[in-house]
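In this text, residue positions in the sequence shown follow my numbering: the first is 97, and each later residue adds one. We put the CB at the ideal spot given by N, CA and C, even for glycine. For reference, the structure is listed below as structure tokens.
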Amino acid sequence: MPNVATSIEGPETFAEAFKVPRETIHRLYRYAELLTHWQKSTNLVAPSTLAALWSRHFADSAQLLDLALEARLWLDLGSGAGFPGMVVAILASTQPDFRMHLIESNAKKCAFLAEVARATKAHVDIYAMRIEDFARRTDTVVPDILSARALAPLPRLLGFAAPFFGADTRGLFLKGREAEEEVEAARADWDATYRLHPSLTSKEGHIVEVINLHKRENAGAQS
97 MPNVATSIEG
107 PETFAEAFKV
117 PRETIHRLYR
127 YAELLTHWQK
137 STNLVAPSTL
147 AALWSRHFAD
157 SAQLLDLALE
167 ARLWLDLGSG
177 AGFPGMVVAI
187 LASTQPDFRM
197 HLIESNAKKC
207 AFLAEVARAT
217 KAHVDIYAMR
227 IEDFARRTDT
237 VVPDILSARA
247 LAPLPRLLGF
257 AAPFFGADTR
267 GLFLKGREAE
277 EEVEAARADW
287 DATYRLHPSL
297 TSKEGHIVEV
307 INLHKRENAG
317 AQS
């Protein structure tokens, strides 16, 4: 798929770019309505990005699915207003065995996510807690895919993600222009296979794919 940042202006062009059925577009449209309404009282996204919601937030999130078509259990860290997790869940709503877990510590944002899930019938579970607290649960999930967007620099992000990595888990993390530098910094503490995929929505952005994640034995050691 070519870069879609300049071609997506609303639901029609989004549907064309991602081959999304009409029913799913209606669900995303309802999501957009709720976000615009809640934004008036709750800071969900940067106000300057609202005009480009379908490209800046929806398309940016949706592009992850092309890298995870077979994934059925997904964990989204620091979900915020639902990017990328809620968008992915809505796009996967026709798959009855799909489940998205959203972790977000902000109670107001969790209330918003719950309202979106109710209105769109997305297959999600929402956890109003810190990532570290979720990791200490005895019933913590081991997902097919871990995702995050604008949560933390990659070295710190991998610290959040590590407790959830199983043998077949993959991380898909949306990053900006400094993705390569973040990967190099992460290598100091984290042994993994890293792959950079160009973003479809930003000329400077990347998706950092991480597999086989392990903490280096000498991580943090002084030279």
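So what's residue i in DSSP terms, helix, strand or just coil?
i      : result
Phe269 : strand
Ser319 : Confidence is the limiting factor: at Ser319 the pLDDT is only 35, short of 50, which leaves the residue's position unreliable, though a coordinate-based value still follows. Residue state, collapsed to three classes: coil.
Arg123 : helix
Ser157 : helix
Thr289 : strand
Gly219 : The sequence given here places His at residue 219; Gly does not occur at that position. DSSP places His219 in coil when its eight states are reduced to three.
Ile307 : strand
Ile241 : strand
Met97  : Reliability fails at Met97, whose pLDDT of 49 lies under 50, so the model's placement of it is uncertain and no value is given.
Pro249 : coil
Pro117 : coil
Is the Cβ-Cβ distance between residue i and residue j less than 8 angstroms?
i      : j      : result
Ala84  : Val141 : Since the first residue shown for the chain is 97 and the last is 319, residue 84 is missing from the structure and cannot be characterised.
Leu292 : Ala281 : no
Gly174 : Met196 : no
Ala210 : Ile222 : yes
Leu124 : Val212 : no
Ala188 : Phe194 : yes
Gly272 : Gly301 : yes
Phe114 : Ala164 : no
Trp286 : Arg252 : no
With distances taken Cα to Cα, identify the nearest neighbour of residue i among the options.
i      : options                           : result
Phe110 : His310, Ala148 and Asn202         : Ala148
Ala155 : Ala275, Leu250, Ile104 and Glu305 : Ile104
Ile241 : Leu169, Phe179, Thr234 and Ala158 : Leu169
His133 : Gln191, Leu161 and Phe208         : Phe208
Tyr290 : Arg273, Asn314, Gly272 and Leu250 : Leu250
Ala172 : Glu119, Lys115 and Ala224         : Looking at the sequence shown, residue 172 is not Ala but Asp. Nearest of Glu119, Lys115 and Ala224 to Asp172, Cα basis: Ala224.
Thr236 : Lys205, Leu198 and Arg252         : Leu198
Would you call the region 298-318 and the region 211-218 in contact, with 3 or more CB pairs under 8 angstroms? Result no; under three Cβ-Cβ pairs closer than 8 angstroms.
Taking contact to mean 3 or more Cβ pairs, one atom from each stretch, closer than 8 angstroms, check whether the region 262-276 and the region 241-254 are in contact. Short answer: they touch.
Stretch-stretch touch, CB-based, cutoff 8 angstroms, three pairs: the region 224-232 with the region 251-266: As far as the Cβ criterion goes, the region 224-232 touches the region 251-266, which means the pair count is three or higher.
Jot down the residue ranges of each uninterrupted beta strand (DSSP E) in the region 139-214, minimum 3 residues, whole runs only, in chain order. Taken in chain order, the complete beta strand (DSSP E) segments of 3 residues or longer contained in the region 139-214 are 169-173 and 195-199.
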